[in-house]
Amino acid sequence: MARLMRASPCYLPLWMGLCFLLPITMKIWRTEWTPNIFYFPSSMVPATSSPSPVTSPSPQAHEVRALKDLVTWPEPQGILNLESSTSPFNCDCHILHPKANYSVGESLEVVLTTKDHRNRPKMYGGDFFRAKLHSPKLKAGVRGLVTDHQNGTYTVSFLLPWPGDVEISIRLFHSSEAVQVMRRARDTRPDKVYFSGLFQRNGTEEKTECNLEIPDKQVCVYGDERIEETWVCVRPRNLPCDSLVYHSVGGYRKVTNATEEKLIAGELTDKELPIKIPPVHVITSISSLDTKKLPACAPERLVPQPSGYYYNDIWTTLACSHKTFPTPDQASACLKGKIIFMFGDSTLRQWWEYLLDFIPSLKQINLHVGYKSGPLLAVDPSSGLMLQWRGHGNPLRTEKTMMADLHYMANDIANIGGGPDVVIVFTIWAHFTTYPVEVYIRRVRNIRRAITGLFQRSPKTTVILKTANTGSTSVYGSDWLSLQLDIMLRKMFSELPVAIVDAWDMTSCHYLKEEIHPGKPIIQNEVDMFLSFICPL
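Just so we're aligned: 166 in full-length UniProt numbering is position 166 of the sequence shown, and the numbers increase by one with no gaps anywhere.
See the structure below:
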C-alpha cells in the first residue's frame, strides 16, 4: 500500500535516535492461557472427519484449523424460530449442594436449566450466558465460568474472593439461535460494514466503496508485499488508482431477515435471568486468598480463570502481586525514560487519554492528523517519557483520515528497534468482528511474526497485550463475536513472553454498565495493571 501513498513523516522525537500457584486451600481452578470463558467438555464437542489430504497441510493451514476448532460452538437443531429459541424468562437456577455459609477461597456452583418461549425444556446447548458474582455495596465483582453440557443444562462456577453477602447475576446474552444468526452474518457477509475511499487529482474528486475484498467489481488493489495484506477500492471512473487520498467508514448494511431480527432483538439480548436465589453469605477463614504472596507481575503463559476480581472498586489480579498507582507522581516515576508505543483501536486509545489527563507534565504534541486514527503523541521532557498511540490500520471504522497515516501494525512494530526502555502495547479485535475468522488469523499472524522478530533482536523489550472488551450486542460486533477473536488472539501469543491485561474480565464484572468504551474507574484499573508489568517491584 505504501508505494501508492505519500511518505509519512517520522513523528518520533530526536532523542529516540539517541537513545503460579496460589497459596490457598481451595478448589483448584483452571489456569490456562486459553481462557475458560465458556467451556464445553471435550467429550461433548462434536467430532468432525474429513478425507485425508494427498499432501500434508502447511503449518499455517494446520494452525487455522486448530484455532477454528478451539472456538467451535454448538449449533441449534432444526429450523430457527422464536418460539423454539431459549427464553431468558423461563430459565431455572439453583445452587448445587447449598450451604448456610461459605468461606473465602471456596467455589460455588449454580445449575442452570434452559427452556424455550413455550416453556419447553431445551435439549441442546449453545446459548451464550454471561455471569458474575457481586456485592454492590462493596463495589466488588468477579466473573463466573459457564460450562455448557450441550443438553440444555449449564453449570456456572463462581470463585468467592471476599467476605460478606454476595449476589448472583446470570444473563442470557444470546440464545443459541441468535448465536447462529451472528455466525452466519460473520461468515457470509463481510460486506455488512463498508468503507469509502476518496480519490483526488487536479481538482477532481471521486468517492468509491472500499474493503478487504469486493467481488465482481473492477477494483484498485493496494497491496503490502511485506506482510501480504491488501486493501481494495472500486476503481473510480475518471481518476487513477494512485489518486486515493482519504479513508473513512462508509456505512452498515442490513444483513438479517425478519426471523433473525426477532432472535437478536434488544428485548431478548443481554437479559438478566429472574434468579430466585437469595444472597450467599461468605465468611473469612484461614484459607482466604492471599494475593500478596504471589510473584511480581511479569509475562506469564498461565492466566488463572477468573483472572481477578474487584473489591472496593480496585482490581486484584490472581496472576501476580500487582500494584496501584493512585497519584500522578507514582505513575510518572514508573514511566520515567520509557518509550511507549500503543497500537490498536479506540479502547486502547482510552489508556493514552487517561495517562495524558492523569500526569500533568505529560503534554500532547499536535501532529495535525485524524484523532480517531492517529498517530497521537505525548511527551514529558522532564522525565524522558514518550507515549504514542496509533490505529492498527485498515479495516478501521473511522472518520475521514489520510490513507498515508494508516499503517499496518506489523510494519510499525518491525521498524522498532526495541530495548529495555521500550514498551509495546497492542490490541486488535473490534474492527474484525464483521469478517470470517481467517481474515483475523492472517492479520494476527503478521503481528506475531513482527513481535517475534522484535524479541529476537531485543529480548528485553516489554510487550503487553490488552484483550477484548465486553459491552457490544449488535450483529456488527457482538460480545460473542469478540469472544471468538479474543480466544484465538490469546492462543496465538501463548508461546511468546507477552504480558496480558485481561480487559475481558475487567469489563465483565464491574458495577458500571458494560460498554465497549468503559468508564474511568475501569480504565484506571486497566492502566494500573499495565504499569504493574512495567514496574513490577
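Glycine included, each C-beta is placed from N, C-alpha and C at the ideal position.
L531 is the residue among L531, P161, E106 whose C-alpha sits nearest the C-alpha of L355. Taking a 10 Å sphere around the C-beta of T434, we find 16 or more other C-beta atoms and assign the residue as buried.
When the five nearest sequence neighbours on each side are left out, the beta carbons in the same chain lying within less than 6 Å of the beta carbon of F426 are those of F343, G344, in order along the chain. For Q305, no alpha helix (DSSP H) run applies, since DSSP gives it neither H nor E. For K262, the enclosing alpha helix (DSSP H) covers residues 258 to 263. For the set R457, R445, Q524, S474, the Cα lying nearest the Cα of R226 is the one of R445. By the C-beta density criterion, T317 is buried, having at least 16 other C-beta atoms within 10 angstroms. Relative to L96, the option among H247, V193, S85, E109 whose CA is nearest is E109. Look at P328 here: in three-state DSSP terms it is helix. Annotation for G337: S383, G384, L385, D421 place their beta carbon closer than 8 Å to its own, counting only its chain and skipping 5 residues before and after.
For S482, the enclosing alpha helix (DSSP H) begins and ends at 479 to 492. Between G419 and K460, the CB-CB gap stays under 8 Å.
Runs of beta strand (DSSP E) with 3 or more residues, each lying fully within the segment 388 to 454, are found at 422 to 426, listed in chain order. For a cut-off of 8 Å, the C-beta gap from P163 to V142 is around 13 Å, too long to register as a contact. Of P59, Y194, E526, the smallest CA-CA separation from E399 is found for Y194. The residues Y124, G126, S176, E177, Q180, in chain order, have a CB closer than 7 Å to that of P76 in the same chain once the five nearest residues on each side in sequence are set aside.
In this chain, the beta strand (DSSP E) harbouring A499 covers 499 to 501. Scanning H368, P215, R237, T452 for the CA closest to the CA of L496 turns up T452. In the displayed model, L112 falls within a strand according to three-state DSSP.
Burial state of N119 is exposed, judged by a 10 Å Cβ sphere holding fewer than 16 other Cβ atoms.
Straight-line measurement puts the Cα of R183 at about 10 Å from the Cα of S478. Here N312 is exposed: its Cβ has fewer than 16 other Cβ atoms, across all protein chains shown, within 10 Å. Between L273 and R171, the C-beta spacing is below 8 Å. In terms of Cβ geometry, I522 and M506 form a close pair [threshold 8 Å].
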